[in-house]
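J.: One structure is given below, represented as structure tokens, and several questions about it will come after.
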Amino acid sequence: MAVNDLVLRIGGESGDGYVSTGDILGRISAQSGYEVYTFRTFPAEILGGHVMFQVRIGTKKVTSRGDKLDILVATNQDGYEKHYRDLREDGLIVYDSNSTEIPAEGGWESLGVPVVDIARKLKYPRGKNAVLLGALVHLIGLNVEEAEKMIMRRWGRKSAEIGQKNIEVMRAGLDYAAENWPEVTSYRLLAPKAGGEERLIMDGNQAISIGALAGGANFYGGYPITPASSIMEFLAAELPKFGGVMIQAEDEIAAINMVIGASFAGAHAMTATSGPGVALMSEALGLASITEIPVVLVDVQRVGPSTGMPTKTDQSDLNLAIYGTAGEAPKVVLAVGNVEECFYVMGAAFSAAEHFQVPVLVLSDQDLSNRIQTVPVFDINRVKRLSRVLPDLDSGKEYERYALTESGISPMSIPGMEGGYYTAESLEHKTKGAPSYEPDNRNQQMKKRCRKMETISNEMVNWELFKYHGDRNPEIAVLGWGTSEGAVVEAIDRCRAKGISVGAFYTNLLHPLPAEKISEFVEGAKVIFVPELNYRGQYANWLRSQLGLEAVRYNRYDGLPFIAGEIEAEIEKLAAQIAAF
Amino acid sequence: MAVNDLVLRIGGESGDGYVSTGDILGRISAQSGYEVYTFRTFPAEILGGHVMFQVRIGTKKVTSRGDKLDILVATNQDGYEKHYRDLREDGLIVYDSNSTEIPAEGGWESLGVPVVDIARKLKYPRGKNAVLLGALVHLIGLNVEEAEKMIMRRWGRKSAEIGQKNIEVMRAGLDYAAENWPEVTSYRLLAPKAGGEERLIMDGNQAISIGALAGGANFYGGYPITPASSIMEFLAAELPKFGGVMIQAEDEIAAINMVIGASFAGAHAMTATSGPGVALMSEALGLASITEIPVVLVDVQRVGPSTGMPTKTDQSDLNLAIYGTAGEAPKVVLAVGNVEECFYVMGAAFSAAEHFQVPVLVLSDQDLSNRIQTVPVFDINRVKRLSRVLPDLDSGKEYERYALTESGISPMSIPGMEGGYYTAESLEHKTKGAPSYEPDNRNQQMKKRCRKMETISNEMVNWELFKYHGDRNPEIAVLGWGTSEGAVVEAIDRCRAKGISVGAFYTNLLHPLPAEKISEFVEGAKVIFVPELNYRGQYANWLRSQLGLEAVRYNRYDGLPFIAGEIEAEIEKLAAQIAAF
Amino acid sequence: MAEQAIKLTSDDYKSGVKPIWCPGCGDYAVYNAVLNALAELKVPFHKIAIGSGIGCSGRFPAFVKSYGFHGVHGRALPLATGMKMANPELTVLAIGGDGDGFSIGGGHLAHAARRNVDLTYIIMDNEIYGLTKGQPSPTSPQGMVRKASPYGTLEQPLNPLAMILAANASFVARGFSGRPKDLAVLVKRGMEHKGFSFIQVISPCVSWYNTYKKFRAIAKMLPEDHDTSDMGAAMKYAQDTETLWLGVFFERKALAYHELEANLQKQVHQDGYGVKSVVDRFLR
Amino acid sequence: MAEQAIKLTSDDYKSGVKPIWCPGCGDYAVYNAVLNALAELKVPFHKIAIGSGIGCSGRFPAFVKSYGFHGVHGRALPLATGMKMANPELTVLAIGGDGDGFSIGGGHLAHAARRNVDLTYIIMDNEIYGLTKGQPSPTSPQGMVRKASPYGTLEQPLNPLAMILAANASFVARGFSGRPKDLAVLVKRGMEHKGFSFIQVISPCVSWYNTYKKFRAIAKMLPEDHDTSDMGAAMKYAQDTETLWLGVFFERKALAYHELEANLQKQVHQDGYGVKSVVDRFLR
Ligand SMILES: Cc1ncc(C[n+]2csc(CCOP(=O)(O)OP(=O)(O)O)c2C)c(N)n1
Ligand SMILES: Cc1ncc(C[n+]2csc(CCOP(=O)(O)OP(=O)(O)O)c2C)c(N)n1
Ligand code: SF4
Ligand code: SF4
Ligand SMILES: [Mg+2]
Ligand SMILES: [Mg+2]
């Protein structure tokens, strides 16, 4: 019986280009109408070293990297050794029989392809990847024409001849597999839904970048850092086409201060970085908060503390995002959990920053940053685009930049506006911006700024930043944020199929926390479950500190994203405990 | 009837030197055997501007600035206008009758001293301060010889003649007051206890600096910032005498990295700064944590966010201290609440840093930094001095810097030790220091580092870092930290005198929180009360997030320290609520 | 909106917030020079943007009728860079002290220079940390005794002009608050220069390090025939420690950062290009 | 402990951790030069301390048998300064890349120079960000096209040698990984210099910006008769863009920071002085 969900991993030497084989395989699948989700690791070495690229292909939506592997492609001995434990018991190993030996003991099936020999025979020794690709196209039953088109797109761009050569070699690989592996349906994908919906195929950082453009971004100041750099690189190419500016600054401190200066001067300004960069920007975030300058900062989280493991994923900057400024600085913290919402949440981020005049932090992560997913085509009109509240400068009254309004939002002028001049003041200040150390004035301004948090809370609760999965009144209530969502969604589906009452509430809005929504959701639950990719249980602590909620925690901090199976197992344990109670 | 507790405030123009009059008055009092506690504000102007200096003098220990003023000294019209509201109803105004007019309406008594005239008559127009000083010496009944000695020490250092001149003028002021204000006992202090204990008279930053020396500090890297600079300046003078080094770095980032480098090389290294500086040091604190390098950082808190009000006091960096690093970085957070413990807590800070190989943050604040208090003479032998656990390098085994010990503390070699070389690695690393991205290794090292927090918890609970005030099993349990202590202690005394069951638990150890001690203390309490100088109630949130405790909060964030009266009023309200319940 | 039609005097550019500097502080001269330049160049109030760091000098923006930003310590340059690049129509000034600009902010200087951002950076160099009450700064002379250096500083002072010349800034000048008229001319020239202009102003701190006398004795205008395109000569004058040379040391023409950026934007412009164009590239 | 008695070769200074650089990377030549210098100078392993920042180049310390510190991005100099001042007996190296040292860490350079900290700072300048996969760095030529600069960079490159000369560093040299033998000599000379020695090594990145050819064509040793005490000449060679001059540009004798500090400590020393002496001053 053919399957509708397949997890395939390629493991091998990074320099050999097998990562791109995986990438192409994913794209062919997407092109053919499947849903796709990728996952990869990076070598510790700067060039070379072991890498793996995993692609999950489904006929229906897939939201996580998958549990066990159905197919392991070992392009060298390491590719076998390092990964065979992740293969399902009756899985398939496809391997380069010229370089790799598969011990007989394993319970799995295997297909050796003499990759080197085939490529050499066709006088194209560099074609090893294409050979393998061909074999896989046959094995899982992808559309060969789509494969050829994709090869031309990828390898034939510079020279049609090379493209053709690769197609030839791919076909040889395909033929070899067809001969040695007549249609074994258990590794073959069912046909995709005919005429399925249109899809985009992209990674998280791309979606964030496009979301920023949709949100009106026209200034980016940044500094390279893994895994955020590709946002800067994307916007370097795009912003000038939108009349915008991207500056690679000399460091993160310069970057965020440029962003603040640009925003003061009227730009929709942003930066993106990772933990170490956020730490360096902390002082300036306080500045943006007290001067009430809109700023969007994307934190693509990686494993800390300090340099940590830059190419591994983590959710451990939540504390830093909420608390990491000297003094008390109102700001908004958002999170994204999948490629699609990267786009929409960036719109919300700019709207919140501009409208409420606060710094907005968006937490993404390494896994999401370069994970390729098929996603529904973005609806650009759905993107929120609130703007700054401008002052009425013809009112005859002298302009008060920091007027004590009820909402806390004081109309904000922009350099170039006649009569609107003021000083954005990092010292505590009076309504017109002049510094003041008066206790009463301090109380008023502090309250005014903090009042914005209530306004934000009240308004943003209507911004479609929340999602429910599974039961709406579950016995086991999962509260989560960010990147864990995909695995949790699958785990919930599986558990509900087993009769367990479980549901999840995911919020993009982490600060201010949507207290009522959460309380409402967990009411009646027998247990609250909070899975997180960090050690301390930062969200669980945040929930406790804000709402007094007690949760069972499940934490992983080894740099890898969750798999659905481990969440499923935890939920089942909880269900058993509830039953036994 | 003479009094045993007097609050006196001098208000005037900063350039006029009246601050030093207040300071001298305090020192004369201390010299005469009284207990002293000062409080002051700073002008917004760089030179000139309005200032006030307050001194509280008691025959017994005084722990806060005092509530209402008994005596207001107005050296100009502003000195009256800005402060008369703080005078107790039947208080006394002493004023410069040459420059200031006191309206008749007030209920208080007043004594005008023609300060300018007197000084001029003695041909020493710069002697205005001394005239006033003389008047006050008479009014409150201080020892005249002590006053003369102190004048010689202060004004006679450079020229004995000037000293003599000031004494002469002081005597004239005294005579004038004696004539016009025959002994009115209600403003006169009772004699201090004869042969009272020896006392030191110093401010918080001085006590911190000396505590650091006692804790073994021999390296300081810093950058000037109000209100921390005087620690750097103190140590600049002292460290070289101890064979130590003080470097004024180019910025806070350089400072903390120098400190880390020095500590790596074996020094007991520290820095001190305030909020903006801590923010800038955040990245390097993560570095110290993952590389397990001892570091002591004193944060003399001032009002934030951002530049805020640099010369005002606040307790709003607690969140930053606990949470303000990217990723999860074990560290210790301590707090100090009075001049005496500044000394001892610095010993604990160095011991914790050195012994547990973690960054230790010590939270002080602006008020404490330059508040002068009389304190019992420091017992240098009581200062904790734990050292680094050194490795046995002759064991024949290859040295493992990050060995997976049970306590989490891995013996640490120091450059210069043969056979002990290793790389302190900001990337996640294996036991010998080599970088590693392996999930299993990551888990082990992360657990090892975090295990230290338990070890710390278990050990530091025995370090005398906790204090109980008032009832041990109170109905109203006050949980506090840092600078609020003095006012709380007085408020508790007053409330208990009224029959209210109230007690306080103060901890110098804020992270890891002494969970058991706190739980034990609040057990049986009807209400928990947490007063803090911040907006959010950071300690209250921390208690909730760590222990699930719910507290009634009382927050002040206008830059001024608490007065006992406001705490007293809050406690009384709570008591009434409990009674009504 | 139209430019102001009526003639403005430098007083018109005062914001009404009274400077808080000590009487006699060198910063007043800089203040007057800037007011004067703004009036002479007839810059409309609402088109002026001034970014500053922290220090006595950093309090500057609030005193000028203009858009101002009193930022954090050491970041006047990135702040001002952001302003100019977000709105090239603004006349942008960056302001700070020697601590702000050469110590904590020292890393930004060469980068503003190599970008050739069109703004005027004025450093009020008093060779001391004024606001924090007299600690030595990177330009303080070796051996300076202050509370933070009770036995005298061990470090050599930096030579800011030599360093900024080495960074190939397109306009480099030095003024002295003790010579307010010459200073006013310099500031105006700096503001007229298209690109990054750097002006070091020796601006004595009367409270913590009064250097009026010391510098008056050795201050001299650069020779009339000094060739401002001669980097070698500029460097020599900058490195001369006997005389405090004043005037424009170096100037060169080059496109400013925002001009290069505008060219780039023109070059990549596509009619009708928008978010949808970007999204469509990702259709599978 | 006694110094090693037996003669050591440069191989003995390898830590056993294999460098992770790409084959052909210029950093190998720097590695060998350092190993060689250590061996020739017979520095005992346990008296070497190497501090670095983040970058390909920053991975250096782990590969040397020594005490090492792989710190955070841009802070090699303050880190190493702390080491040297805490224990002057150590032979201290600071290591980094052009991004690490001239971009994020650019603010520390002049200050290490003016302190004259006795350490050798080696920057492996590949005119690119290697580790983060090829973004332009402050020394990248104007117009460089990379992902982060798809239309070419707009900024001029910095001239690090000119800037460090302007900061009056006491030892300034340039080497080239394409000339490993000359490089080895330079590194040794830098380590022998007492005080702050700065060595810029042109160390091509074969993966993102292979400049071997470009620089081989224009690399030349400084003339034999170059006077290393002549700042003006040094500056001229540094500013020459036609030729990549190699060798020691400038050197001067001056007391190192730790020597000045030691003198100070001696000067203020008081027998029997201790914490009690300090406390007693505060007795009322
Ligand atoms: C991050 C940070 N560190 C330190 C300070 C404290 N601080 C304020 S101004 C200043 C230096 C002032 O010197 P300078 O820049 O020369 O300005 P001046 O007052 O002399 O005009 C310092 C260190 C601060 N505000 N922020
Ligand atoms: C605070 C911080 N910002 C950014 C980074 C990301 N980062 C790592 S190395 C590097 C630059 C590398 O370039 P360079 O210093 O020239 O060293 P190379 O790799 O070329 O030797 C950057 C930006 C980081 N690790 N930390
Ligand atoms: S302290 Fe010095 S720099 Fe500051 S205002 Fe006064 S004179 Fe000027
Ligand atoms: S990326 Fe470049 S700099 Fe880094 S190791 Fe490879 S060749 Fe060297
Ligand atoms: Mg200054
Ligand atoms: Mg580089």
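Residue numbers (our numbering), protein chains in the order written: chain A, 531 to 1111; chain B, 531 to 1111; chain C, 3 to 286; chain D, 3 to 286.
Glycine included, C-beta positions come from ideal geometry on N, C-alpha and C.
Alpha carbons only, please: which of C/278, C/153, C/148 is nearest the one belonging to residue 1112 of chain A?
T.: For residue 1112 of chain A there is no data in the structure shown, the boundaries of chain A being 531 and 1111.
J.: Please classify residue 545 of chain B: does DSSP put it in a helix, a strand, or coil?
T.: In the second sequence, the residue the question calls residue 545 of chain B occupies position 15. Reduced to three states, the DSSP call for residue 545 of chain B is helix.
J.: Verify whether the separation of the beta carbon atoms of residue 776 of chain A and residue 802 of chain A is less than 8 Å.
T.: For the purposes of this step, residue 776 of chain A is taken as residue 246 along the first sequence, with counting starting at 1. For the purposes of this step, residue 802 of chain A is taken as residue 272 along the first sequence, with counting starting at 1. Contact flag unset, no.
J.: Flag residue 273 of chain C as yes when its Cβ comes closer than 7 Å to any non-hydrogen atom of ligand 7, and as no otherwise.
T.: Annotation note on ligand 7: not contained in the displayed structure, which lists ligand 1, ligand 2, ligand 3, ligand 4, ligand 5 and ligand 6 as its ligands.
J.: Quick one: does residue 1013 of chain B have its CB under 8 Å from some CB of chain A?
T.: Against the second sequence, residue 1013 of chain B aligns to sequence position 483. So no, residue 1013 of chain B is outside the interface.
J.: Buried or exposed: which applies to residue 633 of chain B, given that a residue is buried once 16 or more other Cβ atoms fall within 10 Å of its Cβ?
T.: Here residue 633 of chain B is taken as the residue at index 103 of the second sequence, counted from 1. With fewer than 16 Cβ atoms within 10 Å of its Cβ, residue 633 of chain B is classed as exposed.
J.: Taking the alpha carbon of residue 836 of chain B as the reference point, which residue from A/857, A/542, A/851 has its own alpha carbon closest?
T.: Indexing the second sequence from 1 puts residue 836 of chain B at position 306. When only C-alpha atoms are compared, the closest one is A/857.
J.: Does residue 1094 of chain B have its Cβ less than 8 Å from a Cβ in chain A?
T.: Taking the second sequence and counting its residues from 1, the one referred to as residue 1094 of chain B is at position 564. Not closer than 8 Å to any Cβ of chain A, the Cβ of residue 1094 of chain B fails to qualify, so no.
J.: Any C-beta of chain D sitting closer than 8 Å to the C-beta of residue 550 of chain A?
T.: As a first step, residue 550 of chain A is located in the first sequence; it is residue number 20 there, counting from the start. Chain D, which has no Cβ nearer than 8 Å to the Cβ of residue 550 of chain A, makes this no.
J.: Between residue 847 of chain A and residue 829 of chain A, how many whole angstroms is the CB-CB distance? I'm expecting something under 8 Å.
T.: Numbered from 1 along the first sequence, position 317 holds the residue referred to as residue 847 of chain A. Numbered from 1 along the first sequence, position 299 holds the residue referred to as residue 829 of chain A. Correct: roughly 5 Å between the Cβ atoms.
J.: If we call anything under 8 Å between Cβ atoms a contact, is residue 253 of chain D one with residue 172 of chain D?
T.: As a first step, residue 253 of chain D is located in the fourth sequence; it is residue number 251 there, counting from the start. As a first step, residue 172 of chain D is located in the fourth sequence; it is residue number 170 there, counting from the start. Cβ atoms of residue 253 of chain D and residue 172 of chain D: closer than 8 Å.
J.: Can you grab the Cα-Cα spacing for the pair residue 832 of chain B / residue 895 of chain B, in whole Å?
T.: The residue given as residue 832 of chain B occupies position 302 in the second sequence. The residue given as residue 895 of chain B occupies position 365 in the second sequence. Distance between the alpha carbons of residue 832 of chain B and residue 895 of chain B: 6 Å.
J.: For residue 138 of chain D, collect the residues of the same chain with a Cβ closer than 6 Å to its Cβ; drop the 5 residues on either side in sequence, then sort them by chain order.
T.: Position 136 of the fourth sequence, counted from the first residue, corresponds to residue 138 of chain D. Cβ neighbours of residue 138 of chain D beyond the five flanking positions: 146, 148, 151, 155.
J.: Under 8 Å between C-beta atoms, does residue 32 of chain D make it to chain A?
T.: Numbered from 1 along the fourth sequence, position 30 holds the residue referred to as residue 32 of chain D. It does not: the Cβ of residue 32 of chain D has no partner Cβ on chain A nearer than 8 Å.
J.: Please report how far the alpha carbon of residue 1051 of chain A lies from the alpha carbon of residue 1031 of chain A, in whole angstroms.
T.: If you number the first sequence from 1, residue 1051 of chain A lands on position 521. If you number the first sequence from 1, residue 1031 of chain A lands on position 501. Residue 1051 of chain A and residue 1031 of chain A: Cα-Cα distance of roughly 13 Å.
J.: Within 10 angstroms of the Cβ of residue 992 of chain B, are there 16 or more other Cβ atoms? Answer buried if so, exposed if not.
T.: For the purposes of this step, residue 992 of chain B is taken as residue 462 along the second sequence, with counting starting at 1. It is exposed - the Cβ of residue 992 of chain B has fewer than 16 other Cβ atoms within 10 Å.
J.: Mind checking if residue 158 of chain D is an interface residue toward chain A, Cβ cutoff 8 Å exclusive?
T.: On the fourth sequence, position 156 is the one that residue 158 of chain D refers to. By this cut-off, residue 158 of chain D is not an interface position.
J.: Can you tell me whether DSSP reads residue 928 of chain A as helix, strand or coil?
T.: For this step, residue 928 of chain A is matched to residue 398 along the first sequence. Looking at residue 928 of chain A - three-state DSSP - the assignment turns out to be coil, as it is neither helix nor strand.
J.: Provide the residue(s) that pair with residue 207 of chain D in DSSP beta bridges, ordered along the chain.
T.: Stepping through the fourth sequence from its first residue, residue 207 of chain D is reached at position 205. Note: residue 207 of chain D sits in a beta bridge opposite D/211.
J.: Could you pull the start and end residues of the beta strand (DSSP E) that residue 588 of chain A belongs to?
T.: Taking the first residue of the first sequence as 1, we reach residue 588 of chain A at position 58. Segment 580-588, the beta strand (DSSP E) holding residue 588 of chain A.
J.: Given that residue 304 of chain C touches chain B, what residues does it touch there, using C-beta distances under 8 Å?
T.: Nothing in the structure corresponds to residue 304 of chain C, since chain C is present only between 3 and 286.
J.: Below 8 Å, how does it come out for the region 40-54 of chain D and the region 216-226 of chain D: are there three or more Cβ pairs, yes or no?
T.: Flag = no, the region 40-54 of chain D and the region 216-226 of chain D do not touch.
J.: So the alpha helix (DSSP H) residue 270 of chain D belongs to, where does it begin and stop?
T.: One-based indexing of the fourth sequence puts residue 270 of chain D at position 268. Where residue 270 of chain D is concerned, the enclosing alpha helix (DSSP H) stretches over 259-270.
J.: I'd like to know if residue 269 of chain D contacts chain C, where contact means its C-beta is closer than 8 Å to some C-beta of that chain.
T.: Here the question's residue 269 of chain D lines up with position 267 in the fourth sequence. Yes, residue 269 of chain D counts as interfacial toward chain C.
J.: Just curious, the alpha helix (DSSP H) that residue 819 of chain B is in, first and last residue?
T.: Taking the first residue of the second sequence as 1, we reach residue 819 of chain B at position 289. First-last of the alpha helix (DSSP H) with residue 819 of chain B: 805-821.
J.: Could I get the ranges of all uninterrupted beta strand (DSSP E) runs contained in the region 85-165 of chain C, with 3 residues as the minimum, in chain order?
T.: Correct list: 93-99, 122-127.
J.: In this structure, what does DSSP give as the bridge partners for residue 16 of chain C?
T.: Working through the third sequence from its first residue, we reach residue 16 of chain C at position 14. Looking at the DSSP assignment, residue 16 of chain C forms a beta bridge with C/66.
J.: Can you name the residues of chain D whose CB is closer than 8 Å to the CB of residue 544 of chain A?
T.: As a position in the first sequence, residue 544 of chain A is number 14, starting the count at 1. In chain order: nothing, as chain D lies at least about 11 Å away.
J.: How is the beta strand (DSSP E) around residue 564 of chain A delimited, first residue to last?
T.: Position 34 of the first sequence, counted from the first residue, corresponds to residue 564 of chain A. Careful: residue 564 of chain A lies outside any beta strand (DSSP E) and carries neither H nor E.
J.: Taking 6 Å as the limit between beta carbons, can you name the residues of its chain near residue 582 of chain A, skipping five residues before and five after?
T.: The count along the first sequence starts at 1 and reaches residue 582 of chain A at position 52. Counting only Cβ-Cβ distances below 6 Å, and skipping sequence neighbours, we find 539, 541, 571.
J.: Need the endpoints of the alpha helix (DSSP H) that residue 238 of chain D sits in, please.
T.: Within the fourth sequence, residue 238 of chain D is the residue found at index 236, counting from 1. Taken as a continuous stretch (DSSP letters only), the alpha helix (DSSP H) holding residue 238 of chain D covers 233-241.
J.: I'd like to know if the region 260-278 of chain D and the region 201-212 of chain D are in contact, where contact means that at least 3 CB-CB pairs between them fall below 8 Å.
T.: Contact between the region 260-278 of chain D and the region 201-212 of chain D is absent, because fewer than three Cβ pairs lie under 8 Å.
J.: In chain D, which residues lie less than 9 Å from residue 836 of chain A when you measure between Cβ atoms?
T.: As a first step, residue 836 of chain A must be located in the first sequence, where it is residue number 306. Chain D residues near residue 836 of chain A: 73, 74.
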